[in-house]
Amino acid sequence: MASTPELLPYQRIREDLFRPLSGISRAYALTTAVAFVVGAAGLIAWGYQLRRGMGVTGLGRPVFWGFYIVDFVFWIGISHAGTLISAILRLTNAAWRKPVTRAAEAITVFALMIGGMFPIIHLGRAWLFYWLLPYPNSRLLWPNFRSPLLWDLTAIVTYMTGSVIYLYLPLIPDMAQLAEHNTPWRRKFYRALSLGWTGSDRQWHALERAMKLMACLILAVAVSVHTVVAWDFAMALAPMWHSTIFGPYFVAGAIFSGIAALILVMAALRKVLRLESYLTRRHFDNLARLLLLMSLLWLYFTVSENLTVWYGNDPKEMAVFGARTRAHYAPYFWTMVVLNFVIPFVVLGIRRLRTIANTAIAAGCVVVGMWLERFVIVVPTLANPRLASASGSYAPTWVEGAITAATFAAMVMLYMIFSKLFPIIAVWEFKPHEQEDE
Amino acid sequence: MEHRWGMAIDLDRCTGCEACVVACHAENNLPVSNPEQAAEGRTAHWIRVDRYYQGEFPDVKVKYMPVLCQQCDNAPCEPVCPVYATYHNPEGLNVQVYNRCVGTFYCANNCPYTVRYFNWFAPEWPEPLELQHNPDVAVRMGGVMEKCTFCIQRIKRAKEDAAQEKRPLADGEVQPACVQSCPAEAMVFGDLDDPQSKVSRLAANGRATRLLEELGTKPKVFYLERAK
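Line by line, the protein sequences give chains A and B. Each residue of the first sequence is one higher than the one before, counting from 1 in this note's numbering. Each residue of the second sequence is one higher than the one before, counting from 1001 in this note's numbering.
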């Protein structure tokens, strides 16, 4: 196993991790520019949709939910990278977590920012989205808290608030350090954000307590958020949606895709920021094992879901099951099985194959596979409603494609900006004893 | 409440002529679509005629079934709306408040009968059809959900007329456009709370069933069909 970053001299760690914050390379500028163009194209597509109407999408009767809802569930799932990994590892005091947590927590916040857009993008009259908020108004109208969409909104706003705090807290000591020697505007920026951190014992204790508390809270919130997202479907009286397994199935799927996204981001950071001595084989190996475990859990849930339906043989559910596994949507379903189970199982299950590059490839497969999983859950059910005469199909248009592509660009762009403002690994966590410094 | 509106549709009488569909379009200001829009699934009909085929060609029997909003007493579309745009009115109708609808599509997903229609674009009428809009019915904007109302504007008009003349509403006085236009007289509309009304008697008929009754939605549309 490669050497652990904990053994490096602190001065070097500081230099290594603060260095990426200054200077902009050509590759950085180019990537950001490309991400910006793709993101802008998505915004233009959305503008077009707002102007013309939802008819520019491939949605129709009976498939009223399509790419946008798939993207929504997908990104909320990705957001489980940060909280779950970092909170669990923090609470269990896993020593190897240090270089991983911040990268993970940042994914959570950005994925939530992106995912949280979709319920709005998806609205027929998006400019009225605030009608879903319980705000006091002259007409004394209150939103309907019996609707799972309201539970969803509540859960996501809570989760967003929690994970921003959870990302922010461990940033404070690093920002205080960054405020010391820096360019004038950065000094001002970090000083304001570090909230007067001086590093006194009292502050350290308060910070530690706050982080522990947030880790506990965020775990509960994370589990409930994706359960509620699952209930958007499970509460509906639609074949193969109305299922008790959806809550845990979605949470497991979210953690699964979250770990995959984290591995991908870590592999990219390792290459781009030359963090080879921080994000080592050991980190990738540990996360690869976790991914393998989640892949097996995912298979277990998928088999449970489909086997019970197939054995029960209810005609309405079998119409959806048939569409998924044998007819129109079978290519998506079986590709999903290959990407989410077959490839990760082989690549991560055989120790000799579990290299960093291969782990990243498996993680990429899982990210795509989990997107397909959400598609396979959302669309075939709607395409096969209870009255067969109303059945239909769904094919997305360029508008939905452009907006979906833009979300990935947005993730890249947000991450690029973040990596220029904040060290992507918590520097202070490597400090041997804070009193000895200076 | 004074009324509980319901409908009975005799499938043994229905000829599948779709006069009800046309009448509904004219009464309720539904946009008409050209073939391209229809191919893209952008049509809207508050009532549609489903066709079921029995047997192999040439021995085919076609069964027609007009399907409109079933005005469920236990409507799955209602609780899922986050802004109360779809709600149960005191006379048991599932009404849609267009001005309040933000277009989450959730009600349409949760309707087992798939009878909710969305305004994918702002509606347009080829000239001069916009001149024949019914002044009693709102013209909906793009981005909102809509569906059959049991011609609530006709119910209101009839109730007002009766109130003015200080008399109770007579059975058969309210006729939604589809019922009025049915040449086979397959559709009957009336008050289910009045045991003497024609619709109540038909609902109690041995031939009466309700669509997807097993879901517990308690629809107020009764389909009459001879048992085979």
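Cβ coordinates follow ideal geometry from the N, Cα and C atoms, glycine included.
query, result
"Contact criterion: CB-CB distance below 8 Å. Does residue 54 of chain A meet it with respect to chain B?", "yes"
"In whole angstroms, what separates the C-alpha of residue 110 of chain A from that of residue 416 of chain A?", "11 Å"
"Assuming residue 1053 of chain B is part of the beta strand (DSSP E), what are its boundary residues?", "1047-1054"
"Starting from the beta carbon of residue 389 of chain A, find every residue of chain B whose beta carbon is closer than 9 Å, and list them in chain order.", "1048, 1050, 1051, 1052, 1065, 1067 and 1114"
"By the three-class DSSP mapping on this structure, what secondary structure does residue 60 of chain A have?", "coil"
"To the nearest angstrom, report how far apart residue 1106 of chain B and residue 1081 of chain B are at their CA atoms.", "7 Å"
"Between the segment 1066-1075 of chain B and the segment 1112-1125 of chain B, are three or more C-beta pairs nearer than 8 Å?", "yes"
"Residue 1041 of chain B CB to nearest chain A CB: under 8 Å?", "yes"
"Rounded to the nearest angstrom, what separates residue 484 of chain A and residue 215 of chain A at their Cα positions?", "Outside the shown range of chain A (1 to 438) lies residue 484 of chain A, about which nothing can therefore be said."
"Using beta carbons (cut-off 8 Å, strictly below), is residue 398 of chain A in contact with chain B?", "no"
"Shortest alpha-carbon distance to residue 144 of chain A belongs to which of B:1215, B:1077 and B:1202?", "B:1077"
"Closer than 8 Å is the cut-off here; do at least three beta carbon pairs connect the segment 167-181 of chain A with the segment 425-432 of chain A?", "yes"
"Please decide whether residue 1098 of chain B counts as near chain A, where near means a Cβ-Cβ distance under 8 Å.", "no"
"Note the first and the last residue of the continuous alpha helix (DSSP H) segment covering residue 1161 of chain B.", "1152-1164"
"Could you check whether residue 47 of chain A and residue 57 of chain A sit closer than 8 Å to each other, using their CB atoms as the reference points?", "no"
"Can we say the segment 399-412 of chain A touches the segment 145-156 of chain A, given the rule of at least three CB pairs closer than 8 Å?", "no"
"Given a cut-off of 8 Å, decide if residue 329 of chain A and residue 323 of chain A are closer than it, judged by their beta-carbon atoms.", "yes"
"At 9 Å on the CB atoms, spell out the chain B contacts of residue 125 of chain A, in chain order.", "1101, 1102, 1103, 1141, 1142, 1143 and 1144"
"Would you list the residues sitting across from residue 1118 of chain B in a DSSP beta bridge?", "B:1145"
"Rounded to the nearest angstrom, how far is the Cβ of residue 123 of chain A from that of residue 1103 of chain B, given a contact under 8 Å?", "5 Å"
"Name, in chain order, the residues that DSSP records as bridge partners for residue 53 of chain A.", "For residue 53 of chain A, which the question treats as bridged, DSSP gives no partner whatsoever."
"Could you run through the segment 170-181 of chain A and flag, in chain order, every residue whose CB is less than 9 Å away from some CB of chain B?", "none"
"Can you tell me whether residue 208 of chain A is buried or exposed? The criterion is at least 16 other CB atoms within 10 Å of its CB, across all chains shown.", "exposed"
"Grab me the residues of residue 379 of chain A's own chain with a C-beta within less than 7 Å of its C-beta, minus the 5 sequence neighbours each way, in chain order.", "63, 66, 329 and 394"
"Would residue 2 of chain A count as contacting chain B if we go by Cβ distances under 8 Å?", "Caution applies to residue 2 of chain A, whose pLDDT of 46 falls short of 50 and renders its modelled position unreliable; the value that the coordinates give is listed next. Closer than 8 Å: no."
"Between which two residues does the beta strand (DSSP E) containing residue 1094 of chain B stretch?", "1094-1096"
"Can you find the residues in the same chain that come closer than 8 Å, C-beta to C-beta, to residue 273 of chain A, ignoring five residues on each side of it along the sequence?", "20, 419 and 424"
"Would you list the one or two residues that DSSP bridges to residue 1066 of chain B?", "B:1049"
"Using the rule of at least 16 other Cβ atoms within 10 Å of the residue's Cβ for burial, across every protein chain shown, is residue 232 of chain A buried or exposed?", "buried"
"Under the rule that 16 or more other beta-carbon atoms within 10 Å means buried, what is residue 1086 of chain B, buried or exposed?", "buried"
"Take every Cβ of the segment 1012-1023 of chain B, pair it with every Cβ of the segment 189-205 of chain A, and state whether three or more of those distances are shorter than 8 Å.", "no"
"Between the segment 63-79 of chain A and chain B, which residues of the former have CB atoms less than 7 Å from a CB of the latter, in chain order?", "64 and 65"
"Under three-state DSSP, which class holds residue 322 of chain A?", "helix"
"I'd like to know if residue 61 of chain A contacts chain B, where contact means its C-beta is closer than 8 Å to some C-beta of that chain.", "yes"
"For residue 140 of chain A, count neighbouring C-beta atoms within 10 Å of its own C-beta (all shown protein chains included) and say buried if the count is 16 or more, exposed if not.", "exposed"
"Mind reading off the beta-carbon distance from residue 36 of chain A to residue 413 of chain A? Whole number of angstroms is fine, and I expect it under 8 Å.", "6 Å"
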